[in-house]
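What follows is a single structure, written as structure tokens, with notes after it.
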Amino acid sequence: MRVIFALLLIGFSTLSYAVEQAEEIFKQLAPSLYQIRLIDKASGEKSSIGSGFQISSDGLIATNYHVISGYARHPHKYTIEYIDNQGNKAQLELKSVDVINDLAIVQRQVTSVMPYFEIAQQAPTKGEELYSLGNPHDLGMIVVPGTYNGLKNESFNDRIHFTGSVNSGMSGGPVVNKNTEVVGINVATSGNQIGFLVPHDKLLTLYLNYKTSPPESIEQQMAAQLMQNQSKLISTIMNSDWQLKQLGRGLIPTIDVPFVRCWGESNSDKADAQIMAAVANCDLDENTYISSDFFTGSLEMEYRYMESSKISSTKFYHIFQRQLDRVSPGNQAGKDDVTEYQCHHDIVMPDTSNIRNKAAFCTRAYKDFPDLYDVLYIAISVDHEQYALLSHFTISGVAQETSLAFLAKFMESVSWK
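Printed below as a string of structure tokens:
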């Protein structure tokens, strides 16, 4: 009983110290923290809110790209403003973005040198206590203690796994160590004390690039970042180990990289089923936010195998043909963002494969980002009467040349066993 009581006292003492340290950190840093608001010009009301923090004495402020994305996409519709810890308001000017890492730099007008956050020179150690600052649910600035758990393994673009309550409105706020140095930026939450941060080195790179070479156009800057990231992603996947796995009588490729995850399902437990069906799906566990109704940077591969000796070949073909209706683009985009799909249909049988497919390869162009496309490929086998294989992939925001190289490798990797 005494041991339990002693442990409780130790736990209370540790918690009390953490709270005291958090309060001291907040008091010290509050003058350099801001609420960032996107204001709709027509209504005069806020459209979104987030957090931000000053990173230079001359008024540069860091936040998330998604907090100010409405302005980045439609600068004539919105303005950006800040509210400081004294309740003062003023407009901000967008200076630079990193759409891949969800970062933005905005500028406030200053009349004298101001306090600002120092960006850390190195990453935290695993288990180190950190402090997340922000403005959750428009309730005012708070500080939340949490723990650094390293980088998220299943992510192509680095994200820190943070054990702490990163809530809505804290997006764009800083996460600091005990020395008040910024080691991350709040970006997302999965609930249950699971948060994700952008590593501090991404912000440092954006800041240094801005100081040496400010972008001529935010739109051009975003287009270059999207192109570079997707080229890097597809090159990494193309050069990875493509493992062939059996699905029914077919062989399908899966990719051995941690950021592409695969799932499977079948009806093999139903002995009375007229058609045996099995599905495998692999996709990228992330995407890139452009706006609330426009996402890109995704990759998906899907395979469906069906076989039956209980129904006629004509009925089987019609049932399988209907599977095509279930295939759709892997990303969300509106008519203002992309053109209609243009498709090329053909009967194909690659030289290195033994499967004959009825196939369609479709592309749609990005209206604001030249040379970027969403691509969709669908193929259904037509060389057997009682069993068939559907293979499909979608890639969003990719260059045509890159998509064609992926298409060739994908087609050559699907075959009958």
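For the sequence shown, the numbering used here begins at 1139 and goes up steadily by one. A virtual CB, placed ideally from N, CA and C, is assigned to each residue, including glycine. All figures in this text were calculated on a predicted structure; none of them were measured in a lab.
Backbone CA spacing between residue i and residue j [nearest angstrom]
| i | j | result |
| --- | --- | --- |
| residue 1226 | residue 1198 | 17 Å |
| residue 1548 | residue 1165 | 56 Å |
| residue 1254 | residue 1534 | 38 Å |
| residue 1290 | residue 1424 | 11 Å |
| residue 1411 | residue 1465 | 23 Å |
| residue 1374 | residue 1455 | 37 Å |
| residue 1095 | residue 1317 | Because the chain is modelled from 1139 through 1555, residue 1095 falls outside the range shown and cannot be assessed. |
| residue 1388 | residue 1400 | 17 Å |
| residue 1257 | residue 1338 | 7 Å |
| residue 1467 | residue 1196 | 45 Å |
| residue 1378 | residue 1362 | 24 Å |
| residue 1524 | residue 1413 | 10 Å |
| residue 1437 | residue 1286 | 29 Å |
| residue 1235 | residue 1325 | 14 Å |
| residue 1079 | residue 1364 | The chain is shown from 1139 up to 1555; residue 1079 falls before or after that span and cannot be answered. |
| residue 1193 | residue 1175 | 18 Å |
| residue 1208 | residue 1178 | 9 Å |
| residue 1185 | residue 1403 | 42 Å |
| residue 1469 | residue 1340 | 25 Å |
| residue 1312 | residue 1288 | 17 Å |
| residue 1536 | residue 1514 | 11 Å |
| residue 1314 | residue 1221 | 21 Å |
| residue 1380 | residue 1398 | 12 Å |
| residue 1168 | residue 1333 | 22 Å |
| residue 1142 | residue 1274 | Only weak support exists for where residue 1142 lies, its pLDDT of 45 falling under 50; the value from the coordinates is given anyway. If I take the Cα positions, the gap works out to 36 Å. |
| residue 1519 | residue 1239 | 40 Å |
| residue 1187 | residue 1162 | 25 Å |
| residue 1452 | residue 1409 | 22 Å |
Exposed unless 16 or more other CB atoms sit within 10 angstroms - verdict on residue i
| i | result |
| --- | --- |
| residue 1368 | buried |
| residue 1540 | buried |
| residue 1446 | buried |
| residue 1492 | exposed |
| residue 1249 | exposed |
| residue 1180 | exposed |
| residue 1495 | buried |
| residue 1574 | No statement about residue 1574 is possible, as the shown extent of the chain runs from 1139 to 1555 and does not include it. |
| residue 1229 | exposed |
| residue 1173 | buried |
| residue 1482 | exposed |
| residue 1405 | exposed |
| residue 1490 | exposed |
| residue 1546 | exposed |
| residue 1251 | exposed |
| residue 1265 | exposed |
| residue 1346 | exposed |
| residue 1460 | exposed |
| residue 1182 | exposed |
| residue 1189 | buried |
| residue 1126 | Limits of the chain in this structure are 1139 at one end and 1555 at the other, which puts residue 1126 out of reach. |
Bridge partners - residue i, DSSP secondary structure assignment
| i | result |
| --- | --- |
| residue 1300 | 1286, 1333 |
| residue 1544 | For residue 1544, which the question treats as bridged, DSSP gives no partner whatsoever. |
| residue 1531 | 1439, 1515 |
| residue 1132 | Shown here, the chain extends from 1139 to 1555; a query on residue 1132 therefore has no answer. |
| residue 1220 | 1174, 1228 |
| residue 1458 | Partner(s): none; residue 1458 has no beta bridge. |
| residue 1184 | 1177 |
| residue 1267 | 1285 |
| residue 1496 | 1485, 1518 |
| residue 1382 | 1391 |
| residue 1312 | 1323 |
| residue 1553 | 1389 |
| residue 1426 | 1434 |
| residue 1191 | 1171, 1200 |
Three-state class that DSSP yields for residue i in the structure shown
| i | result |
| --- | --- |
| residue 1212 | coil |
| residue 1560 | Summary: the structure shown does not reach residue 1560, with the chain confined to residues 1139 through 1555, and so no result is reported for it. |
| residue 1408 | coil |
| residue 1168 | helix |
| residue 1374 | helix |
| residue 1392 | strand |
| residue 1162 | helix |
| residue 1483 | strand |
| residue 1234 | strand |
| residue 1523 | coil |
| residue 1085 | No answer is possible for residue 1085: the residues shown for the chain start at 1139 and end at 1555. |
| residue 1361 | helix |
| residue 1369 | helix |
| residue 1241 | strand |
Any non-hydrogen atom of the ligand HEM closer than 8 Å to residue i Cβ
| i | result |
| --- | --- |
| residue 1382 | Judged by which ligands are present, the structure shown has none, so any question about the ligand HEM falls away. |
Contact with chain C by residue i, beta-carbon distance below 9 Å
| i | result |
| --- | --- |
| residue 1222 | Annotation note: the requested chain C is absent from the structure, which comprises a single protein chain. |
Inspect the CB distances between the segment 1418-1436 and the segment 1467-1476 and report whether three or more fall short of 8 Å. yes
Hey, is the segment 1349-1360 in contact with the segment 1289-1307, meaning 3+ C-beta pairs nearer than 8 Å? no
Does the segment 1201-1220 touch the segment 1270-1286, meaning 3 or more C-beta pairs lie closer than 8 Å? no
Three or more C-beta pairs under 8 Å: does that hold for the segment 1212-1224 against the segment 1260-1272? no
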